[in-house]
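Residue numbers (this note's numbering), protein chains in the order written: chain A, 1 to 483; chain B, 1001 to 1276.
We treat Cβ as the ideally placed atom computed from N, Cα and C, and that holds for glycine.
Values in this document were obtained by computation on a predicted structure and should not be read as measured data.
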Amino acid sequence: MNTYREKEAKYLTKKERRAIPLQPMPEQSPEIRKKDFSEVTLGYSILDAQYEAARCIQCKDPACVAGCPVGIDIPGFLEMIVEGNLNGSINRVWEKTALPAVCGRVCPQEIQCEVVCVVGKKKNTEPVGIGSLEMFIADWARSTGVKNEVEIAPSTGKKIAVVGSGPAGITVAGDLAIKGHDVTIYEAFHRAGGVLLYGIPEFRLAKDIVDYEIDQLRELGVKIICNTVVGRTVDVDELMEDYGYDAVFIGVGAGLPNFLNISGEDLNGVFSANEYLTRANLMKAFDFPKYDTPIIPGRNVAILGAGNVAMDAARTAVRLGAKTVTVVYRRTREQSPSRLIEIHHAEEEGVQFKFLTSPLEFIGDASGKLVGINCDKMVLGEPDEGGRSRPISTGEHEYFDCDLAIIAIGTSANPLLTRVTEGLELNRWGNIEADDKTGKTTKERVWAGGDITLGQATVILAMGMGRDSANSIDAYLKGEEEW
Amino acid sequence: MYKIVKREEMAHGTIILNEIEAPQIAKKAKPGQFVMIIANETGERIPLTMAEVNKESGTITIIYMMVGKSTRLFGALKVGESYRDIVGPLGEPTHIEKLGTVVCVGGGTGTAVLHPITRGMYEAGNNVISIIGSRTKDFLIMEEQMTKVSHDVRICTDDGSKGRHGFVTEELEIILQNQKVDLVVAIGPVPMMKFVSLLTKKYDTPTMVSLNPIMIDGTGMCGGCRVTIGGKTKFACVDGPEFDGHQVDFDGLMRRLQAYSVEEQISDRCGCKETI
Ligand SMILES: Cc1cc2nc3c(=O)[nH]c(=O)nc-3n(C[C@H](O)[C@H](O)[C@H](O)COP(=O)(O)OP(=O)(O)OC[C@H]3O[C@@H](n4cnc5c(N)ncnc54)[C@H](O)[C@@H]3O)c2cc1C
Ligand SMILES: Cc1cc2nc3c(=O)[nH]c(=O)nc-3n(C[C@H](O)[C@H](O)[C@H](O)COP(=O)(O)OP(=O)(O)OC[C@H]3O[C@@H](n4cnc5c(N)ncnc54)[C@H](O)[C@@H]3O)c2cc1C
Ligand code: SF4
Ligand code: SF4
Ligand code: FES
């Protein structure tokens, strides 16, 4: 039984602490959540959080901290939760991340902080729920109105332009504002937040959380100017020469959708995941016709690809009322790049999977509407040098009906800005070449980070790079670092 | 917010002109480029070409036909009121150079989009012949403005109420038969651009058209505006909107424009209810 619950978490002995099982994250039931866009994870109560945090054994040399790309003092913030010092705890987290409510929800903890947690190394024991606790403490701060108490350094008189308002840009802007610089973010869309806003759906990350975090940034003195496409409305060189910015950070993400290049791709009903998710999230098509942007609801929906983006598209289609949603992936479940929890959530909501199936062509009717998809059945071949088995065609085909197909096979670098900016060296995929440690590009006074340098990565990696760039920009502007 | 400083009605109030304060966009805009506009909080992103740009006053002018919910919403805005969001200039500017004789063909609201290009061609020293068409003379727009920037203007109406009784293609064919034409620029409804392109192909005359697929972001991020050009997929918002008319898959474009016809009707009806 839950004997540990007889005492407050902070009074438990070490031995008692070790006996606490993982506190399950309360979730909305699949039957209910399938029908709306509200968040799936409901969050810990304070007691849940304290017992979960008490499972941490406070390692002297914590592996979890090394596993976190921004090095959050995990045992530190957990112990403060156990003690009931929630204010101290959130401030400890804020030292390393400006977006804990986001990271706690969307970080792939199972390959970062949690996978290395020593508690999880014991047989049949789950690691400490670090992500859930980060979500808890951030949500607590938001609901109680507790603000980051960092002191803003005296004004340096230096101006910095940040291009793009995704996690990379948000981090750079926040860090530099705290260091006393005058920071302005330029964003192409009419609202700030990047993929957090237009890509990741409401049911995984509520948009009022993103808006709240953006407001925090404004409170630090960061100016945000939307509706500005750098490379069209204004150029990088103009920002430095005419607008007087001392430095520019480019964090424009990887927003160019890849297509399959198979026949029938221009049929009505075939979408890129970017378009589908943008319509649904940013433009709130799920609330059509209250909002004016339409979306094709789809009765039988095929999702091509099996990464996180594919799961988001699949689960969005479920909520928009699809009868069947089928994920088509040419490799196996084990090889799928998606987080396991996302596949699990998708399955709970009724999403089906066809593994070892590769799309061959889309079939349309006379009016140009998608009616089905023809696929190739695959088997796994011999492992290649990298040890990964490639799928090869069996020559056998499979047809199934669908009136909506969403292509989610990744994105590449959008060339809009890089094409018109002289002096920026790109790699062969079109990503900006930037120094690993400082974010410096080949163009003087220009830094870059996030998906535009890494290719499609993660929120926390983009933030980590933003932090490195902010440090480098600050050192350079203070004359402590040469170009 | 982007304030409307001038509003005019054309073609019996079906076509609206708005001059809007947008200094940063005006500073950079070139002929052929467009903006994405959102009317209000719940609005969709709608692409419209800049028909006029005034760098001194920092304003841009859009001319649009009220065809559905959003353009009707735009049309209801008064002078002094504002659009919530405008982003631009987007798309590649028109390639303007001195070529010799250029025929500019405009149909419907396409004439508004054609006007700045025509002026560019005129100012570059080309011999400019313009053909403007509409269903009937009451729906003819911008005749005066086009006359100012053309050496010769021809009018065609479907019902013969003004100028030639017939399609712009008939007038164009006469010109092509009688003189050397170095470039045809055709902007209007998709079928019109298709038939112009088919015609000029026969005469081997280079032809430029401006495509209007459904767009969301206008920056190359969604792929919704993809069109097939010479068998290859292009994004009209970044690679276009102007393309070689002889390479365009017009039938494919027409099909894609129908994608939301059902939803557009729902949206429009719902909008009517709200305003009653
Ligand atoms: C559907 C989806 C689900 C995902 N799920 C997860 C997840 O669960 N966990 C996780 O860690 N990661 C996830 N990711 C990846 C993660 O979101 C990205 O790695 C991260 O957002 C990259 O941050 P960024 O700041 O580099 O760019 P972005 O978030 O892409 O932001 C770039 C911003 O720049 C703007 N911009 C682009 N061009 C210009 C220009 N020329 N001028 C001005 N502004 C411009 C864009 O509009 C955008 O707002 C997901 C991605 C997607 C698409
Ligand atoms: C680059 C570009 C420049 C344009 N310039 C002009 C212009 O100068 N003047 C003008 O009158 N029109 C122009 N258009 C067309 C204009 O965008 C559409 O008429 C408008 O979006 C219709 O919206 P609605 O809600 O009023 O009508 P709806 O009822 O939504 O649709 C009516 C028709 O417009 C098309 N349409 C709908 N949504 C879009 C969208 N987001 N993007 C493009 N087409 C859409 C549909 O195919 C439909 O047939 C341009 C389009 C593009 C792509
Ligand atoms: S930021 Fe991400 S990786 Fe770091 S502790 Fe939080 S959930 Fe783990
Ligand atoms: S590795 Fe696990 S147990 Fe050790 S400090 Fe980190 S969270 Fe606590
Ligand atoms: S409108 Fe989205 S890519 Fe062109």
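{"query": "Residues, ordered as in the chain, of the region 1020–1043 of chain B that lie near chain A by beta-carbon distance below 8 Å", "result": "GLN1024, ILE1025, LYS1028, ILE1038, THR1042, GLY1043"}
{"query": "Neighbour-count burial assignment, TYR198/A, 16 or more Cβ in a 10 Å radius", "result": "buried"}
{"query": "Integer Cβ distance of LEU416/A from VAL1238/B, believed to fall under 8 Å", "result": "6 Å"}
{"query": "Any C-beta of chain A under 9 Å from that of THR1049/B", "result": "no"}
{"query": "Cβ-heavy atom distance, MET1215/B to ligand 5, below 8 Å", "result": "yes"}
{"query": "Test item: CB-CB of VAL1248/B and LEU1211/B under 9 Å", "result": "yes"}
{"query": "Cβ contact check for the region 448–465 of chain A and the region 260–277 of chain A: 3 or more pairs under 8 Å", "result": "no"}
{"query": "Cβ neighbours of SER412/A in the same chain (closer than 7 Å, five flanking residues each side left out)", "result": "ALA254, LEU256, ASN258, TRP429, GLY430"}
{"query": "Beta-carbon gap between GLU79/A and ILE341/A smaller than 9 Å", "result": "no"}
{"query": "Pocket of ligand 2 defined by Cβ to heavy atom distance under 5 Å", "result": "PHE1034/B, ILE1046/B, PRO1047/B, LEU1048/B, THR1049/B, TYR1064/B, MET1065/B, VAL1067/B, GLY1068/B, LYS1069/B, SER1070/B, THR1071/B, THR1109/B, VAL1113/B, ASN1212/B, ILE1214/B, MET1215/B, PRO1241/B, LEU1257/B, GLU1264/B"}
{"query": "Local conformation of SER89/A per DSSP, three classes", "result": "helix"}
{"query": "Chain B within 9 Å of TYR291/A, Cβ atoms only", "result": "yes"}
{"query": "Per DSSP, cross-strand counterpart(s) of GLU361/A", "result": "SER263/A, ASN374/A"}
{"query": "GLY1218/B Cβ short of 8 Å to ligand 5 heavy atom set", "result": "yes"}
{"query": "Segment limits, beta strand (DSSP E) that includes HIS1151/B", "result": "Element bounds for HIS1151/B: n/a, residue is neither H nor E."}
{"query": "Per DSSP, cross-strand counterpart(s) of ASN431/A", "result": "In the DSSP output, where bridge partners are listed per residue, ASN431/A has none listed."}
{"query": "Residue nearest to ASN227/A in terms of C-alpha spacing, selected from LYS1055/B, ILE1175/B, ARG1045/B, ILE1015/B", "result": "ARG1045/B"}
{"query": "Given ASN374/A as reference, the closest of ASP292/A, VAL328/A, ILE392/A once Cα atoms are compared", "result": "VAL328/A"}
{"query": "9 Å Cβ cut-off: residues of chain B touching GLY255/A", "result": "ASP1217, THR1219, GLY1220, MET1221, CYS1222"}
{"query": "Close beta carbons around LYS223/A, own chain, < 6 Å, minus the five adjacent residues each side", "result": "THR184"}
{"query": "Neighbour-count burial assignment, GLY483/A, 16 or more Cβ in a 10 Å radius", "result": "Here the sequence assigns Trp to residue 483/A, which means Gly is not the residue at that position. Exposed, by the Cβ-count rule."}
{"query": "Best match in GLU1144/B, VAL1149/B, GLY1107/B, THR1200/B for proximity to THR1136/B [C-alpha to C-alpha]", "result": "GLY1107/B"}
{"query": "ASN227/A: contacting residues in chain B (beta-carbon distance under 8 Å)", "result": "ASP1085, ILE1086, VAL1087"}
{"query": "SER1161/B in three-state terms, based on DSSP", "result": "coil"}
{"query": "Cβ neighbours of LYS1273/B in the same chain (closer than 8 Å, five flanking residues each side left out)", "result": "Any reading at LYS1273/B must be qualified, since the residue scores a pLDDT of 36, below 50, and its modelled position is unreliable; the value itself is stated next. Same-chain partners within the cutoff: there are none."}
{"query": "Sheet register partners of PHE400/A (DSSP bridge)", "result": "ILE373/A"}
{"query": "Coil, strand or helix - TYR1064/B by DSSP", "result": "strand"}
{"query": "Any C-beta of chain B under 9 Å from that of ASN91/A", "result": "no"}
{"query": "The region 86–103 of chain A / the region 12–23 of chain A touching (three or more Cβ pairs under 8 Å)", "result": "no"}
{"query": "Which listed residue (GLY321/A, LYS284/A, LEU176/A, GLN352/A) has its alpha carbon closest to that of ALA306/A", "result": "GLN352/A"}
{"query": "Close Cβ partners of GLN1258/B (< 6 Å) along its chain, the five nearest in sequence each way excluded", "result": "none"}
{"query": "Terminal residues of the beta strand (DSSP E) in which GLU334/A lies", "result": "Neither: GLU334/A is in no beta strand (DSSP E) and is coded neither H nor E."}
{"query": "CYS68/A - containing beta strand (DSSP E), residue span", "result": "Unbroken run through CYS68/A: none, as it is neither H nor E."}
{"query": "Within 9 Å of chain A by C-beta, residues of the region 1086–1114 of chain B in sequence order", "result": "ILE1086, VAL1087, GLY1088, PRO1089, LEU1090, GLY1091"}
{"query": "Listed by chain order, chain A residues near SER1210/B by CB distance under 8 Å", "result": "Ordered by position in chain A, no residue passes the 8 Å Cβ test against SER1210/B, which lies about 18 Å from the chain."}
{"query": "heavy atom of ligand 3 below 8 Å from VAL70/A C-beta", "result": "yes"}
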